[in-house]
Amino acid sequence: MLCETDVVGLVQGLSRRRLRQWVQSGWVLPAQGERGASFSEIDVARARLIMHLQRDMKIGPDAVPLVLSLMDQVYGLRQELRRLARAVEAQPDTVKQAILRSAGGG
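Mapped onto this note's numbering, the consecutive letters of the sequence shown carry residue numbers 878 to 983.
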């Protein structure tokens, strides 16, 4: 787990003040412990994403929650599709072929 200083050092252009604003807004969700916020690698990746959205893509602060929500939904759907693909792959060939036919893929 990482502290605020670590995250600020890992995300180019990120200040401690901005990171705290993102945490307060719920855009980054660190674990809270006895010593304060503890950030994971996922939190760092999310901070990099937010920085990219705001700095490079010029997405305003009012739109960031919507973009993050949509990206979270896409991520969740991708996880579901992977689980479904694994379940289909575990089926006998006759079942897999039937699924492909019903899905229009064969």
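From the three backbone atoms N, C-alpha and C, an ideal C-beta is built for every residue, glycine too. Keep in mind the model is a prediction, meaning the values are calculated, not measured.
Counting along the chain, no alpha helix (DSSP H) covers A967, and no H or E run does either. Fully contained in the segment 882-968 are the following alpha helix (DSSP H) runs of length 4 or more, in chain order: 893-902, 918-928, 941-966. Between the C-alpha atoms of Q974 and Q956 there is a straight-line separation of about 23 Å. Taking the Cα of R912 as reference, the smallest distance to any Cα among R925, L896, E881, V885 is reached at E881.
Leaving aside the five residues that flank S915 on each side, the residues in its chain whose CB is nearer than 8 Å to its CB run, in chain order, M878, L879, C880, P907, A908, Q909. Taking the Cα positions, L943 is about 15 Å away from H929.
Just so you know, the alpha carbons of Q968 and L961 end up roughly 11 Å apart.
With fewer than 16 other Cβ atoms inside 10 Å of its own Cβ, L958 counts as exposed. A straight line joining the alpha-carbon of P938 with that of W899 spans about 10 Å.
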